[in-house]
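Visitor: In our numbering, the protein residues as written are 4 to 213. Beta carbons: idealized from backbone N, C-alpha and C, even for Gly. Quick one: the structure is below, and I'll ask about it shortly.
In structure tokens:
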């Protein structure tokens, strides 16, 4: 299966094009973690897929996503771990990388969850003030305010709501500090979609036990 995603933007120069999938590479300065496309690359690889990119300056960029199709299986068997979640929920996803939001939304909505996306910390807080959610997933490194600030505000509004921190810095984060900020679980990027789905179900059943 092949998926093509194109835009008609300014395009990407040749030097930058060779680095866009590198972890922590960014053209946006200190306001961006540089993990968006690196995370996408990792997720696609975990699904035995490939991603490539073509770009012309002044004309736009095209991404090609290729996934294998197992023709020997007509319908996938049900999984006891992830394909039959016991609880459907209202989930808020906060990440300034739109592609990450889209991936998480597609993965969780396919299992019956209702997902709302926010592309900045302030937008995430506004969404949480507008309607109730059962679970929040937030990126750590975002412009304006980071995931810790978002979490503190959400916990002030509703201390019972579990918050999952999505970050490429998972192994280096101080767990004690994260707990003090209100984080209930840290999900390291890049993550496997099936692990994400299983984590969400676990957090909904036992939100504060990691």
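Return helix, strand or coil for residue 60, following the three-state DSSP convention.
Guide: coil
Visitor: Can you confirm whether the region 168-188 touches the region 124-136 when touching is taken to mean that 3 or more C-beta pairs between the two stretches lie within less than 8 Å?
Guide: Because the criterion of three Cβ pairs below 8 Å is not met, the region 124-136 and the region 168-188 do not touch.
Visitor: Could you tell me whether the region 188-208 touches the region 148-164, using the rule of 3 or more Cβ pairs below 8 Å?
Guide: With the cut-off at 8 Å, the region 188-208 and the region 148-164 do not touch.
Visitor: With distances taken Cα to Cα, identify the nearest neighbour of residue 208 among 109, 62, 92.
Guide: Closest option to residue 208, Cα to Cα, is 92.
Visitor: Roughly how many angstroms separate the alpha carbons of residue 198 and residue 56, rounded to a whole number?
Guide: 27 Å
Visitor: Within the same chain, show all residues whose beta-carbon is closer than 6 Å to that of residue 47, passing over the 5 residues directly before and after it, in chain order.
Guide: 54
Visitor: Going straight from the alpha carbon of residue 148 to that of residue 123, what length do you get?
Guide: Rounded to the nearest whole angstrom, the C-alpha separation of residue 148 and residue 123 is 8 Å.
Visitor: From residue 25 to residue 156, what distance separates their C-alpha atoms?
Guide: 32 Å
Visitor: Out of curiosity, what's the CA-to-CA distance linking residue 13 and residue 59?
Guide: 8 Å
Visitor: Quick check: the Cα distance between residue 138 and residue 6, rounded to an integer number of angstroms?
Guide: 30 Å
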